[in-house]
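Under the UniProt record's numbering, the first residue of the sequence shown carries the number 1, and numbering increases by one thereafter. Just so you know, even glycine gets a beta-carbon here, dropped at the ideal spot from N, CA and C. Since the structure comes first, as structure tokens, the remarks are kept for the end.
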Amino acid sequence: MRQLNLSPAQPLAGSCFERLAARAIVIRGNDILLLYTARYDDYTLPGGGVDKGENMEDALARELLEETGAKSVINFEPFGVYEEYQHWHKPDFDNVKIVSHCYLVEICGEFTTPQMESYEQANGMRPVWLPIKDAIAHNRSALANSDKKGQSLQRETIILETVAKEFGLN
């Protein structure tokens, strides 16, 4: 499995815990399934935290159902792992080490209405299909120019650039 960081993740000073995440790469022609978040004006891969006792594939299928409405996820193929440290927003820890396991997956059948969490709804998150090159260009612009970018924007852009290069979708 490929390591997706351009450089090794550097720990931050202070207390830290580790969070496992599963992220989906769903490609249809030249388009990719992403989440647009109005609050941050960015595009991210569907996915999220792995619950205790949950395996990566089950977590990813659950997240895809919640965030995109995908009812049937098949053909889980490991793509790579991205490790990062971020500042934590709750008082129990200063930082979190996020280890994102990325999978190429297929969605078959129909989609239902997404069942996003309240904070996702409040942030204006919605699933979209778009050319990966458009998402990369948009995220690069946000990295360079936005004062409201989320902490995950660099991770998402690196992963999207790696996917585009790997599949010739530039």
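Please confirm whether residue i and residue j have their CB atoms less than 8 Å apart.
{"i": "W88", "j": "V96", "result": "yes"}
{"i": "R155", "j": "E84", "result": "yes"}
{"i": "I107", "j": "V73", "result": "yes"}
{"i": "P131", "j": "E67", "result": "no"}
{"i": "G79", "j": "S15", "result": "Note that residue 79 corresponds to Phe in the displayed sequence, not to Gly. Going by C-beta atoms, F79 is not nearer than 8 Å to S15."}
{"i": "R39", "j": "G124", "result": "yes"}
{"i": "L34", "j": "V128", "result": "yes"}
{"i": "Y103", "j": "E77", "result": "yes"}
{"i": "R19", "j": "G53", "result": "no"}
Residues in the same chain with beta-carbon distance under 7 Å from residue i, minus the five sequence neighbours each way, listed in chain order, please.
{"i": "G47", "result": "A21, A22, R23, A24, L60, E63"}
{"i": "N170", "result": "K133, A164"}
{"i": "G29", "result": "none"}
By Cβ distance below 8 Å, which residues in the same chain neighbour residue i in space, the five residues on each side in sequence not counted?
{"i": "N139", "result": "D42, Y43, L153, E156, T157, L160"}
{"i": "Q151", "result": "Q86, H87"}
{"i": "K148", "result": "R39, Y40, D41"}
Using the rule of at least 16 other Cβ atoms within 10 Å of the residue's Cβ for burial, across every protein chain shown, is residue i buried or exposed?
{"i": "A70", "result": "buried"}
{"i": "A142", "result": "buried"}
Given residue i, which residues of its chain have a CB within under 6 Å of its CB, disregarding the five upstream and five downstream residues?
{"i": "R126", "result": "Y36"}
{"i": "H101", "result": "A22, M56, V81"}
What distance in whole Å lies between the Cβ atoms of residue j and residue i, which are believed to be in contact at a cut-off of 8 Å?
{"i": "residue 179", "j": "N75", "result": "The structure shown does not extend to residue 179, since the chain is modelled only from 1 to 170, so the question has no answer here."}
message: With a threshold of 8 Å, are at least 3 pairs of Cβ atoms found where one atom belongs to the segment 127-145 and the other to the segment 39-56?
response: With a cut-off of 8 Å, the segment 39-56 and the segment 127-145 count as touching, because enough Cβ pairs lie within range.
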